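Residue numbers are given in the numbering used here: position 79 of the sequence shown equals residue 284, and the series is strictly consecutive.
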Amino acid sequence: MKGRSEIVAQRLALALPAALLAGAYVSQYGFGLFPCEMCWWQRWPHFAAVALALASFVIVPQRRVLVALAAGGILTSGLIGAFHAGVEYGWWEGITACAVTGTPAGSDPLEAILAQPTVSCSQAPWTLAGISLAGFNALFSIGGAIAIFALLAKKNRK
Numbered sequence: 206m207k208g209r210s211e212i213v214a215q216r217l218a219l220a221l222p223a224a225l226l227a228g229a230y231v232s233q234y235g236f237g238l239f240p241c242e243m244c245w246w247q248r249w250p251h252f253a254a255v256a257l258a259l260a261s262f263v264i265v266p267q268r269r270v271l272v273a274l275a276a277g278g279i280l281t282s283g284l285i286g287a288f289h290a291g292v293e294y295g296w297w298e299g300i301t302a303c304a305v306t307g308t309p310a311g312s313d314p315l316e317a318i319l320a321q322p323t324v325s326c327s328q329a330p331w332t333l334a335g336i337s338l339a340g341f342n343a344l345f346s347i348g349g350a351i352a353i354f355a356l357l358a359k360k361n362r363k
């Protein structure tokens, strides 16, 4: 039987990356904030975290391990977000060039690439109170991962 803290950790490990990915796609398709290369780097660990968290509901004997791995993916995304935010704020140089978004299916690839907006990793397309989307991802992901790890560790205390 799993404890209350493990249930909360499991649900948080699923809800947090799913919500952050949903926010990323709403900003991309709803508001035209196209992702740069480092934005994509932040999404991949969240995809893995969602898959691991979903698996934790099915693979019961390995639930805690899967939730901990999901938290590791969330933390990884947050650390990439922190690095990306530092690039946007000019604290250090990035390691990528500008990137273009994908090409639509059935179109001429060269024309589609030339028609796409170029997205620089060093310019934040949107901020709130001086915090960019990468900065928010870093705050929510790192904070959420710490909370998940703390909830998992709480069960071991007697």
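C-beta atoms are modelled at their ideal positions from N, C-alpha and C, and glycine is treated no differently.
Note that this is a predicted model, so its numbers are computed, not measured.
Setting aside the 5 residues that flank it on each side, A276 is surrounded in the same chain by A218, A350, I353, F354, each with a C-beta closer than 7 Å to its C-beta; the list follows chain order. Spatial neighbours of E298 in its own chain (CB-CB distance under 8 Å, excluding positions within 5 residues in sequence) are listed in chain order as V292. Note: I264 is not bridge-paired with any residue in the DSSP secondary-structure output. Where L219 is concerned, the enclosing alpha helix (DSSP H) starts and stops at 209-230.
Judged by DSSP in its simplified three-state form, I300 adopts coil rather than helix or strand. Counting of Cβ neighbours within 10 angstroms places F236 among the exposed residues, the total staying below 16. Scanning its chain for C-beta atoms nearer than 8 Å, with the 5 sequence neighbours on each side dropped, one finds around L238 the residues S232, P330, W331, L338, in chain order. Nearest Cα to A220 within the set I279, G283, A290: I279. Between I285 and W246, the C-beta gap is smaller than 7 Å, which places the two residues in contact.
Judged by beta-carbon spacing, G283 lies within the 7 Å limit of I347, meaning their Cβ atoms are closer than that value.
Shortest Cα-Cα distance from R269 to any of Q328, I336, G208 involves G208.
Only residues of its own chain outside the window of five on either side were considered, and among them P222, A275, G278, I279 have a CB closer than 6 Å to the CB of A254, listed in chain order. For R248, the CB contacts under 7 Å within the same chain, skipping 5 residues up- and downstream, are L226, A229 in chain order. If you draw a 10 Å sphere on the C-beta of Q215, you find 16 or more other C-beta atoms in it, and that means buried.
Burial is judged here by how many other beta carbons sit within 10 angstroms of a residue's own beta carbon; V263 has fewer than 16 and is exposed.
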